[in-house]
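Note that the sequence shown covers residues 194 to 434 in our numbering.
Glycine included, C-beta positions come from ideal geometry on N, C-alpha and C.
Given the structure is predicted, the values throughout are model-derived calculations rather than measurements.
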Amino acid sequence: MRLAVLVLFAVFAACSAAAARVDVYAASSLTDLAGALADAFTARAGTEVRVVTGSSSTLARQIAAGAPASLFISANRQWIDVAVAEAGFSTPRRLCGNSLAVIAPAGAERLGSFVALPGALGEGRLAVGDPAHVPAGIYARQALESAGLWEALKDRLAPADNVRAAVSLVAAGAARFGIVYATDASYPGVAEVLAIDDGLHAPIAYWLALAPGAGADAEAFAKFLASDAAAAIIAAQGFAP
């Protein structure tokens with residue numbers, strides 16, 4: 194009898210611990226920001242926040258397949274809508290914004306203009322998030338098309354599974370340039386050589402939504418993300434509040 198009580202107590206304790214954790218699935222470009230927001234919330238509320246990062250498309254597919262996300266933050270509306278339609282997530286709301294930049298290995302000279310990119314690229318490669326599904330790559334393609342550069346550069350791309358992987362290709366010298374989010378341009382080993390006009394692509398917005406039955410802790414974290422304290426962290430990380 195005593196053993197049975199102890200077993201039940203252990204099961205209850207494990208369930209309580211699991212319930213006290215918030216699992217946040219966030220776009221790769223939010224790796225540092227999501228970690229900072231999670232740490233700030235844990236310091237305030239004492240609730241553990243586990244951050245899982247990856248391409249928005251990959252995370253959305255995982256969520257649709259049953260991954261245990263409490264909250265999903267996508268780098269565009271397309272993939273957050275997948276979580277809403279296929280996993281019953283809540284109506285999305287905008288968290289923050291971003292912009293695009295051209296990067297090169299650290300120490301490279303700045304580009305004079307966006308239209309100078311093909312000539313500067315030469316026989317090198319242009320690293321981007323895969324335009325077929327990665328939001329950063331989708332925005333990059335829009336910018337290239339708007340500037341009339343897509344046809345000249347589409348066969349020179351080095352597509353990556355997520356924007357951080359694209360940054361790594363440039364840092365490693367595997368690509369001469371990259372088009373990434375401006376907030377990733379400070380990654381070690383790379384430097385921003387040109388800011389891309391926001392008018393060349395759709396507005397970059399990060400969207401968040403809660404899982405059905407996510408629980409009070411996840412709802413409290415979502416509420417924290419709308420607070421002035423979170424806005425200050427978002428701005429400090431270089432994102433548009």
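The region 308-323 makes contact with the region 344-351, as at least three CB pairs between them are under 8 Å. Check the Cα spacing between Leu337 and each of Ser306, Ala365, Val360 and Ser361: the tightest is with Ser306.
Within its own chain, the residues whose Cβ lies closer than 7 Å to the Cβ of Leu288, once the five positions on either side in sequence are excluded, are Ile266, Tyr399, Trp400, Leu401 and Leu418, listed in chain order.
Leu387 is not a Cβ neighbour of Leu264, given a cutoff of 8 Å. Exposed is the label assigned to Asp421, since fewer than 16 other Cβ atoms lie within 10 Å of its Cβ. Given a length threshold of 4 residues, each whole run of the alpha helix (DSSP H) inside the region 219-250 is given here in chain order: 224-238.
Cβ-Cβ separation between Ile389 and Asn291: approximately 11 Å, too far for a contact (criterion under 8 Å). Spatial neighbours of Ser283 in its own chain (CB-CB distance under 6 Å, excluding positions within 5 residues in sequence) are listed in chain order as Ala402 and Leu403. At a cut-off of 3 residues, the continuous stretches assigned as beta strand (DSSP E) that sit fully inside the region 357-433 are 370-374, 383-388 and 397-403. The closest CA to that of His326, considering only Gly312, Arg254 and Gly341, is found on Arg254.
Excluding the 5 residues flanking it on each side, Leu230 has same chain C-beta neighbours closer than 7 Å at Leu418, Ala423 and Ile426, in chain order. A residue is called buried when at least 16 other Cβ atoms come within 10 angstroms of its Cβ; Arg357 meets this threshold and is buried.
In this structure, the straight-line span from the alpha carbon of Val275 to that of Pro405 is close to 14 Å.
Excluding sequence positions up to five before and after Asp225, its CB lies within less than 7 Å of the CB of Gln430, all in the same chain and listed in chain order.
Looking at the DSSP output, Arg286 bridges to Leu401. Distances from the CA of Val215 to each of Ala262, Ala301 and Ala294 were compared; the closest alpha carbon is that of Ala262.
The residue among Ala233, Ala433 and Ala428 with its C-alpha nearest the C-alpha of Asp391 is Ala433. The shortest CA-to-CA distance from Ala260 to any of Gly281, Leu304 and Asn355 is the one to Gly281. The three-state secondary structure of Asp216, taken from DSSP, is strand.
The DSSP-derived three-state label of Val327 is coil. The C-beta distance from Asp323 to Gly312 rounds to 25 Å, too long to fall under 8 Å, and the pair is not in contact.
Distance check between Pro298 and each of Arg270, Gly228, Ser379 and Lys416 places Ser379 closest, using alpha-carbon atoms only. Membership of Leu350 in any alpha helix (DSSP H) is not indicated; the residue belongs instead to the beta strand (DSSP E) covering Leu350 to Ala353. In this structure, the beta-carbon distance from Ser222 to Asp377 falls below 8 Å.
Taking 8 Å as the upper bound for CB-CB distance, Leu310 and Phe370 are in contact here, some 7 Å apart.
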